[in-house]
Ligand SMILES: [Fe+2]
Ligand SMILES: [Fe+2]
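Residue numbers (our numbering): 4 to 478.
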């Protein structure tokens, strides 16, 4: 499954064997490049970035590192190796051979799933467009650009499916991927979190930890799909997603590390004194965590969802690690506990598992999110701080689902609107918090030097030293 880099569009799907498809994608390519130029990382077209490029989909050695100008990045189409004799692992078609073509009756549902996933990929590139100008180090700048080019490639992955399997309306959907824009009042991106700005690096690290992790769970459940090309595409995308979450987790860890050092130097945890010393105080970090976690929870959708049930029974979207779960994979009788509002209380009650698939995926996500928070707290512990970061209650600050109209504290208490208003500024980032974080966002571009609010990483990229010149600016 080697990737052919002699082609205009690198791929491992034998694109040259399908001239019509090849031509269609080659005519989409200039529109993509124009979009990258206009809404991709700002003012970076001539810089040389130390990037990895996929050269094979094998578990070992799929990546190649070297200096690349981002517009020359070889965005391509890579599917994981086919599994011989793969069968649909769940739903009404369980045990039937996986589909190599789109089943006619599920065409529009499948297209909607692909479009919704695809739309998030360029959205995050748009959201992060200006961050390069305030990078805390060359190491961080390079990681930002690596994520950006990979999100671009994820768009290519979904656009390939649309072009290859959905005919004219697939091509139209592919065009619209470049016409909706993050935060555009007239043509916004499809999902809420992807229209929120990512104004600075603290938001960015939280975003890559919490929101890219939603991507992991969506991709993992699509990687179980009975539609084999979608499953194989998502399997390969997941390998890239891991790096995005790594950037978020280690980014926050390095911020904590730096804050703790200054707390110990100054022997204080007073936010004002810490801010004056140029680091981000812990309550502010907790507020940003609360925000990004809660908007990411919304991405999983309604607690009870007939759409999710249909995606499952029709074999289009499975559960996280579907094939590793020991049950009938049909869920006709199964139950699952979901959170709900009843008689003015938050209760967790059993309901049909089939209708609760969004909530189940959210449950898996919450468990996974907690792991990183535990690692962050270990940094606090090691520095002798009593402060602990915590995930807020799942009902906190929600805009989708049964809690959308409720006012819930981070601890999970139901409040009146007045009580909520009084405390919201303690729980969510305020304009003043953003303004303070903005003051720290001064670019640092000397190799090996870090901004004062963040510690160096524990190691460099691909065995390089931390002071390696990860980005060479065009002069
Ligand atoms: Fe992605
Ligand atoms: Fe990502």
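Heads up, the beta-carbon is just placed ideally off N, CA and C, and yes, glycines get one too.
Since this is a predicted model, take the numbers as computed values, not measurements.
(message) Counting C-beta neighbours from all protein chains within 10 Å, is the total for residue 68 16 or more, i.e. buried, or is it exposed?
(response) exposed
(message) Is any non-hydrogen atom of ligand 1 found closer than 7 Å to the C-beta of residue 157, if you look at the structure I gave you?
(response) yes
(message) Please report the distance separating the alpha-carbon of residue 166 from that of residue 21.
(response) 12 Å
(request) Excluding the 5 residues preceding and the 5 following residue 99 in the sequence, name in chain order all residues of the same chain whose CB lies nearer than 7 Å to its CB. (result) 90 and 91
(request) Mind checking who residue 260 pairs with in its DSSP beta bridge? (result) BP columns for residue 260 are empty, so no partner.
(message) For residue 118 and residue 169, what's the separation of their Cα atoms in angstroms?
(response) 11 Å
(message) According to DSSP, simplified to helix, strand and coil, what is residue 273?
(response) coil
(message) Measuring straight from C-alpha to C-alpha, what distance separates residue 9 and residue 319?
(response) 34 Å
(request) Report whether the distance from the Cβ of residue 244 to the nearest heavy atom of ligand 2 is below 7 Å. (result) yes
(message) Closer than 7 Å to a non-hydrogen atom of ligand 1 - does that hold for the CB of residue 486?
(response) The requested residue 486 is not part of the displayed model; the chain covers only 4 to 478.
(message) Any heavy atom of ligand 1 closer than 7 Å to the beta-carbon of residue 240?
(response) yes
(message) Taking the straight line between their C-alpha atoms, what separation do you get for residue 409 and residue 297?
(response) 13 Å
(request) Answer yes or no: the CB of residue 43 versus the heavy atoms of ligand 1, is any distance below 7 Å? (result) no
(message) Pairs of beta-carbons, one from the segment 360 to 373 and one from the segment 303 to 313, closer than 8 Å: are there three or more?
(response) yes
(message) Considering only their Cβ atoms, is the gap separating residue 314 from residue 181 smaller than 8 Å?
(response) no
(request) Check residue 328 in the structure and name its three-state DSSP category. (result) coil
(message) Quick check for students: name the residue ranges of the alpha helix (DSSP H) that lie wholly in the segment 145 to 193, counting only runs of 4 or more.
(response) 170 to 180
(request) Could you tell me whether the segment 248 to 259 touches the segment 370 to 385, using the rule of 3 or more Cβ pairs below 8 Å? (result) yes
(message) Taking contact to mean 3 or more Cβ pairs, one atom from each stretch, closer than 8 Å, check whether the segment 198 to 210 and the segment 333 to 351 are in contact.
(response) no
(message) Closest to residue 477 by C-alpha separation, out of 128, 442, 61 and 72, would be which residue?
(response) 72
(message) With a threshold of 7 Å (Cβ to nearest heavy atom), would residue 182 be considered close to ligand 3?
(response) Judged by which ligands are present, ligand 3 is missing from the structure shown, whose ligands are ligand 1 and ligand 2.
(request) Report back the beta-carbon spacing between residue 87 and residue 15 to the nearest angstrom; my notes put them in contact at under 8 Å. (result) With a Cβ gap of about 17 Å, residue 87 and residue 15 do not count as contacting.
(request) Out of 390, 331 and 324, point me to the one whose CA is closest to residue 368's CA. (result) 324
(message) On the DSSP bridge list, what partners appear for residue 340?
(response) 353
(request) Confirm the yes/no value for this check: CB of residue 218, any heavy atom of ligand 1, distance under 7 Å. (result) yes
(request) Tell me whether residue 442 is buried or exposed, calling it buried when 16 or more other Cβ atoms sit within 10 Å of its Cβ. (result) exposed
(message) Which residues does DSSP list as the beta-bridge partners of residue 411?
(response) 417
(message) Could you tell me the alpha carbon to alpha carbon distance between residue 57 and residue 452, rounded to whole angstroms?
(response) 29 Å
(message) On a Cα-Cα basis, can you pick out the residue from 435, 399 and 403 that is closest to residue 420?
(response) 399
(message) Need the endpoints of the alpha helix (DSSP H) that residue 376 sits in, please.
(response) 360 to 385
(request) Answer with buried or exposed for residue 76, where buried requires no fewer than 16 other C-beta atoms within 10 angstroms of its C-beta. (result) buried
(request) May I ask you to report which of helix, strand or coil DSSP gives residue 68? (result) strand
(message) For ligand 2, is there any heavy atom lying closer than 7 Å to the beta carbon of residue 247?
(response) yes
(message) What does the alpha-carbon distance come out to for the pair residue 79 and residue 158?
(response) 10 Å
(request) Answer yes if the segment 235 to 249 comes into contact with the segment 212 to 225, meaning at least three C-beta pairs across the two stretches below 8 Å, and no otherwise. (result) yes
(request) Count the other CB atoms, across all protein chains shown, that sit within 10 Å of the CB of residue 523; report buried if there are 16 or more and exposed otherwise. (result) Summary: the structure shown does not reach residue 523, with the chain confined to residues 4 through 478, and so no result is reported for it.
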